[in-house]
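**Student:** If you scroll down you'll find the structure; I have some questions about it.
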Amino acid sequence: MPFDWMKIPYTLLTLFIVINYGFLLNALIQKIGARVGRRHGIPIWQNYIDLIKNYGLRSSISHGVMFYLGPVFRLSGGVGLLIFVPTIYASDMFSNLSFAGDLILALYFVFFGTLGMALGAGESGHPHAAIGITRGLSQMTAAELPFGLAVFSVALQYQTLSITAIVAAQQGGILNWTLFTNPLAVTAAMLGFLGSMMRPPFDVVIAPQEIPIGPPTEYHSSYLAMMQTNRAIFPVAKIVIYMNLFFGGASDWPTFALKVFLIYLWSAFVGVVFPRFRVEQSIRWFLIWAVPLGVLSILVV
Amino acid sequence: MSMKPELMKRMVKGPDGVEFEVEPLRDYYCEAPPTVMPAAYSKIVEDLFNWARSESIWILGFGTGCGAIEMRPLMTPRFDAYRYGIQWRPTPRQANLFVISGYLSTKTLKRAIRSYEQMQNPKYVIGLGSCTINGGMYWDSYNTIKRLDDYLPVDLYITGCMPRPEALLAGFQDMKKLIRAGKGEGANQYAENFAWYKANQKRVIHDWDMPDYNW
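Structure below.
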């Protein structure tokens, strides 16, 4: 198949839209969290200002090569997750660089950023960063298990590893969504989803009140700004996968915006209701409640 | 000047039997003194940065004295400083504003200096309460400093004992005006008068067991 060069600018356009949507969405979710606590919350454009401020800092300190590469890996994890997955179904412009086996690649990219951070934060030499990334990786692994099982279940169900084909199989009415054809897998994945969004009850890793502030302890100025950019891209990219696999994908940008918002709201909703878990509690929670559901969903399929 | 034993230069035997020399002050810290960091080349860019700095103030979550109790209500629904772009960061690396909240004992001064030096340029200091101006009710205490300005470059004082959270909010708004006008150059001032600040600090901190500059 000849490569269509026009895909590259289109993919960059998707990236641009998603970055801006991600910044606004993050702020909106934070505002919703604040409103639950009867506060006004941050201005909706606050994340942009923080980003400019961090890029505008005059000095920055390095702890070595991996310290540089940590945020780079993190950002490329988010960008890679986004650009190899079709954002808008059946759109020539926004199918990005998706291909037949993109589901496997997406699973890899979900983990990629955290691994990059582990190397970068490890090199910073700060004990809080080291302990933070250890806790982060353990929790992340536990949260990825149900998601991985659900993905296998969905791949078995539709007999394909192409996200586009999975979305295509869900077209033609809300009852064709995986949510209704394979509810066990979706439940397991949505429980795992809570663990990867870095919101309560699973945000002990980066919570400022805990071992401060976990992996990014030593990160500042441009390093931190890169990680902030990733924090705008990564949740949306991850939600795009969930939307494609379980909720019928999106065929235009308004549907995309609405579905991503609602899926994000699920983690925010759980976050404002439940208090924070410790790491060993959350691992136990994932293994007891989410993983059996994932195994069951594979068995049922 | 007494040095803690764990900071002395010594030989260490590793778990694999190899002996190597450890000199904590040189290995774990960078001794390079701070330098004056120039502003962005173009005035428009610097103005943009100053605007962003003023609208995104990250405070170091380090309560140095009793005044810290006046900062906590700012996070609560009643005062909610987040809507002004003010946040608290748990690590000095990411913070821009250091609020010295009330009296500063010489013991805490040491930690305050280390935290301040680990913050990135540009950085700002607010002295909270009269203790930071002239010692306040601790004016004759043997173990608190009297004038914060002798030890760290202070951008702004918020007077009172204690100032109410409203006063803090008003102070933060004034701080924003200073930053936007390009007057928040405390970090460069510190670098320019480094010797003077160090001499003052060493005069009150008798157990100086750290490098002269903590990065």
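Order-wise, the sequence lines are chains A and B.
Counting in the working numbering, the first sequence runs from 1 upward without gaps.
Counting in the working numbering, the second sequence runs from 302 upward without gaps.
The beta carbon of each residue, even a glycine, is placed where N, CA and C say it ideally should be.
Just by C-beta distance, which residues in the segment 44-63 of chain A are closer than 7 Å to chain B?
**Tutor:** The segment 44-63 of chain A vs chain B, Cβ under 7 Å: Gln46, Ile49, Asp50, Ile52, Lys53, Gly56, Leu57, Arg58, Ser59, Ser60, Ile61.
**Student:** For chain A, find out if any of its Cβ atoms is closer than 7 Å to the Cβ of Thr365 (chain B); answer yes or no.
**Tutor:** No, Thr365 (chain B) lies away from the interface with chain A (no Cβ there is under 7 Å from its Cβ).
**Student:** Less than 7 Å separating the beta-carbons of Leu299 (chain A) and Thr187 (chain A)?
**Tutor:** No. Outside cutoff.
**Student:** Which of helix, strand or coil does DSSP assign to Ile104 (chain A)?
**Tutor:** Helix at Ile104 (chain A).
**Student:** Can you tell which of B:Gly437, B:Glu322, B:Phe350, B:Tyr514 has its C-alpha closest to the C-alpha of Met420 (chain B)?
**Tutor:** For the residues B:Gly437, B:Glu322, B:Phe350, B:Tyr514, the minimum Cα distance to Met420 (chain B) belongs to B:Tyr514.
**Student:** Distance check for Asp381 (chain B) and Val36 (chain A), CA to CA, integer angstroms please.
**Tutor:** Near 13 Å, if we compare the C-alpha coordinates of Asp381 (chain B) and Val36 (chain A).
**Student:** Consider the Cβ of Ser222 (chain A): report whether some Cβ of chain B lies at a distance smaller than 7 Å.
**Tutor:** No, because no Cβ of chain B sits closer than 7 Å to the Cβ of Ser222 (chain A).
**Student:** Closer than 7 Å, Cβ to Cβ, to anything on chain A: give me those residues from the segment 406-417 of chain B, in chain order.
**Tutor:** Flagged: no residues at all.
**Student:** Within the continuous alpha helix (DSSP H) that includes Gly195 (chain A), where are the two ends?
**Tutor:** Looking at the DSSP string, the run of the alpha helix (DSSP H) that includes Gly195 (chain A) is 183-196.
**Student:** Taking Cβ positions only, does Ile166 (chain A) come closer than 7 Å to chain C?
**Tutor:** Reference to chain C is not applicable here, since the protein chains of this structure are A and B.
**Student:** Take the Cβ of Val154 (chain A) as the centre, count every other Cβ of all protein chains shown within 10 Å, and call the residue buried at 16 or more, exposed below.
**Tutor:** Buried, by the Cβ-count rule.
**Student:** What are the residues that DSSP puts in a beta bridge with Val313 (chain B)?
**Tutor:** B:Phe321.
**Student:** Could you tell me which whole beta strand (DSSP E) segments of length 3 or greater appear in the segment 368-439 of chain B?
**Tutor:** Counting whole runs of 3 or more residues, the segment 368-439 of chain B contains the beta strand (DSSP E) stretches 387-390, 398-402, 425-429.
**Student:** Taking a Cβ distance cut-off of 7 Å, strictly less, list which residues of the segment 329-341 of chain B are near chain A, in chain order.
**Tutor:** The residues in question are Met338.
**Student:** Could you give the DSSP three-state label for Trp359 (chain B): helix, strand or coil?
**Tutor:** In the structure shown, Trp359 (chain B) sits in a strand (DSSP, three-state: E or B).
**Student:** Identify the contact partners of Asn422 (chain B) in chain A, using a Cβ-Cβ distance below 8 Å as the criterion.
**Tutor:** Here the neighbours are Leu57, Arg58, Ser59.
**Student:** Mapping DSSP to helix, strand and coil, what is Ile459 (chain B)?
**Tutor:** It is a strand residue.
**Student:** Could you tell me which uninterrupted alpha helix (DSSP H) segments, each at least 4 residues in length, are contained entirely in the segment 246-299 of chain A, listed from first to last along the chain?
**Tutor:** Counting whole runs of 4 or more residues, the segment 246-299 of chain A contains the alpha helix (DSSP H) stretches 253-273, 279-285.
**Student:** Please check if any C-beta of chain A sits within less than 7 Å of the C-beta of Pro391 (chain B).
**Tutor:** Chain A, which has a Cβ nearer than 7 Å to the Cβ of Pro391 (chain B), makes this yes.
**Student:** Rounded to whole angstroms, what is the Cα-Cα separation between Gln30 (chain A) and Pro43 (chain A)?
**Tutor:** Distance between the alpha carbons of Gln30 (chain A) and Pro43 (chain A): 10 Å.
**Student:** Quick check on DSSP: helix, strand or coil for Thr445 (chain B)?
**Tutor:** Correct three-state label for Thr445 (chain B): strand.
**Student:** Taking C-beta pairs closer than 9 Å, name the residues in chain B that Ala34 (chain A) reaches, listed in chain order.
**Tutor:** Going along chain B in sequence order, the residues near Ala34 (chain A) (Cβ under 9 Å) are Pro378, Asp381, Tyr383, Arg384.
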